[in-house]
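A quick write-up on the structure given underneath.
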Amino acid sequence: MKLAIIGSGKIVQEFLPLIKDLPDIQVKAILGTKRSQERTEKIQAQYGIEASYTDIDECLQSAAFTTVYIAVPNHLHYAFAKKALEAGKDVICEKPFTLKHAELLDLERLAAEKNLVLIEAITNQYLINYQKIKKASENIGKLKIIECNYSQYSSRYEAFKAGTILPAFDPKKGGGALMDINIYNIHLVVGLLGKPRHVRYFANIERNIDTSGVLILDYGEIKVVCIGAKDSEAPIRSTIQGTEGSVVINGPTNTLDSYSIIFDDVENFDHKDHPHRMYDEFKRFSQVINDRDMDFVKKQLEHSKIVMEIVETALADAGIILG
Ligand SMILES: NC(=O)c1ccc[n+]([C@@H]2O[C@H](COP(=O)([O-])OP(=O)(O)OC[C@H]3O[C@@H](n4cnc5c(N)ncnc54)[C@H](OP(=O)(O)O)[C@@H]3O)[C@@H](O)[C@H]2O)c1
Numbered sequence: 001m002k003l004a005i006i007g008s009g010k011i012v013q014e015f016l017p018l019i020k021d022l023p024d025i026q027v028k029a030i031l032g033t034k035r036s037q038e039r040t041e042k043i044q045a046q047y048g049i050e051a052s053y054t055d056i057d058e059c060l061q062s063a064a065f066t067t068v069y070i071a072v073p074n075h076l077h078y079a080f081a082k083k084a085l086e087a088g089k090d091v092i093c094e095k096p097f098t099l100k101h102a103e104l105l106d107l108e109r110l111a112a113e114k115n116l117v118l119i120e121a122i123t124n125q126y127l128i129n130y131q132k133i134k135k136a137s138e139n140i141g142k143l144k145i146i147e148c149n150y151s152q153y154s155s156r157y158e159a160f161k162a163g164t165i166l167p168a169f170d171p172k173k174g175g176g177a178l179m180d181i182n183i184y185n186i187h188l189v190v191g192l193l194g195k196p197r198h199v200r201y202f203a204n205i206e207r208n209i210d211t212s213g214v215l216i217l218d219y220g221e222i223k224v225v226c227i228g229a230k231d232s233e234a235p236i237r238s239t240i241q242g243t244e245g246s247v248v249i250n251g252p253t254n255t256l257d258s259y260s261i262i263f264d265d266v267e268n269f270d271h272k273d274h275p276h277r278m279y280d281e282f283k284r285f286s287q288v289i290n291d292r293d294m295d296f297v298k299k300q301l302e303h304s305k306i307v308m309e310i311v312e313t314a315l316a317d318a319g320i321i322l323g
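Numbered as in UniProt numbering, the sequence shown ends at 323 without a single skipped number.
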């Protein structure tokens with residue numbers, strides 16, 4: 001896969017050291033802003049990337065790559081993905097896919113017209129632990145309750161309170177606890193249960209953005225609580241409760257560090273083939289793009305669309321306007 005990385009911020013700097021372990025991926029270009037051009041060029045030199053850009057339109061004219069990985073602030077995902085598809089590139093897009101469900105539908109239509117890959121980079125769906133947790137949750141009797149708590153006090157919250165609004169807390173840039181952190185819980189639950197019947201979101205709102213909140217998903221005979229907080233902390237854990245036993249996921253729902261299956265006894269498990277949380281997803285993306293596995297792409301898009309529908313309903317419920 002010949003790749004251009006769109007963005008040179010936190011997640012890109014975490015991702016790039018992994019590239020040496022993914023020999024099927026060649027990074028051909030990187031894009032940053034003019035204001036951080038020096039940093040982008042430093043990254044370019046460090047990883048031996050052929051080209052760096054500060055202009056998305058110029059970047060997309062290059063024939064050196066056929067896929068883009070979009071890792072810019074949330075409010076730019078839709079516009080950048082659209083430009084990339086129009087330029088004939090396959091698109092891997094960071095979470096949350098878009099700010100609005102309709103935007104994702106628009107991208108889906110465009111990708112289908114051009115027979116291009118459009119897929120969301122969402123770690124948990126690709127981790128081996130996730131597949132194992134899914135299987136385990138089918139063997140604990142009738143499912144009743146799922147509770148996911150991803151609460152992590154954000155270093156950016158201090159700046160936010162002092163009046164410096166970084167993208168992860170900026171309503172204009174699609175920030176907030178739901179979009180930034182609780183979204184991993186939503187992906188986990190949608191992967192297990194699909195589309196809920198009812199969605200409610202009760203949020204703590206400061207400066208028009210949710211700094212924490214509780215999302216309730218009603219699946220009829222199964223009730224789900226997803227907690228996401230950037231303004232407070234608690235043990236990060238998720239539990240899946242069935243009539244005969246439970247599954248406890250230790251750690252955040254984007255890494256699924258390990259899990260326990262509890263009946264009368266507790267059994268602990270951890271299945272990983274790489275310590276980096278992004279390894280499995282990018283290995284799979286590279287295969288999918290190489291094989292033009294459009295059935296898989298379609299399946300993942302159906303999943304992402306349900307997540308976007310939940311997000312849209314939740315934000316409206318809490319009166320949060322993004323973008
Ligand atoms: N951080 C994580 O752990 C993490 C994990 C998973 C997913 N993600 C997702 O990845 C995306 C990026 O997050 P991040 O934490 O890496 O953000 P970040 O550190 O703020 O980096 C964002 C990058 O986008 C660039 N950018 C901002 N505005 C731009 C524009 N108008 N045109 C072109 N480039 C622009 C930034 O340049 P400047 O630095 O010059 O502003 C920077 O290179 C988000 O969608 C986030 O949800 C992040």
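For glycine and all other residues, C-beta sits at the position ideal for the given N, C-alpha and C.
The structure displayed is predicted, hence computed values, not measured ones.
{"Item": "Along the chain, where does the alpha helix (DSSP H) containing Lys42 start, and where does it finish?", "Value": "37-46"}
{"Item": "Between Asp21 and Tyr126, how many whole angstroms is the CB-CB distance? I'm expecting something under 8 Å.", "Value": "Wrong, their Cβ atoms sit about 15 Å apart, outside the cutoff."}
{"Item": "If you reduce the DSSP assignment to three classes, tell me which class residue 389 lands in.", "Value": "Residue 389 cannot be examined here, being either before or after the span of the chain that is shown, 1 to 323."}
{"Item": "Output yes or no for whether 9 Å exceeds the beta carbon distance between Ala84 and Val68.", "Value": "yes"}
{"Item": "Would you check if the distance between the CB atom of His187 and the CB atom of Leu217 is smaller than 9 Å?", "Value": "no"}
{"Item": "With a threshold of 16 other CB atoms inside 10 Å of the CB of Ser155, please say whether the residue is buried or exposed.", "Value": "exposed"}
{"Item": "Cβ-heavy atom distance between Asn74 and ligand 1 below 8 Å?", "Value": "yes"}
{"Item": "Give the straight-line distance between the Cα atoms of Glu206 and Ile227, rounded to the nearest whole angstrom.", "Value": "17 Å"}
{"Item": "Along the alpha helix (DSSP H) that carries Glu113, what are the first and last residues, could you check?", "Value": "101-113"}
{"Item": "Counting contacts by CB-CB distance shorter than 9 Å, is Gly220 in contact with chain B?", "Value": "Among the chains of the structure shown, chain B does not appear; only one protein chain is present."}
{"Item": "Taking the beta strand (DSSP E) that Val199 falls in, what are its first and last residues?", "Value": "198-206"}
{"Item": "Go ahead and pull the three-state DSSP assignment for Ile320.", "Value": "coil"}
{"Item": "Quick one: using the 10 Å Cβ neighbour count with 16 as the cut-off for buried, is Gly7 buried or exposed?", "Value": "buried"}
{"Item": "Once you ignore the five residues that flank Ile19 on each side, which residues in its own chain have a CB closer than 8 Å to its CB?", "Value": "Ile25, Val27, Tyr47"}
{"Item": "In this structure, how does DSSP classify Leu143 when only helix, strand and coil are distinguished?", "Value": "strand"}
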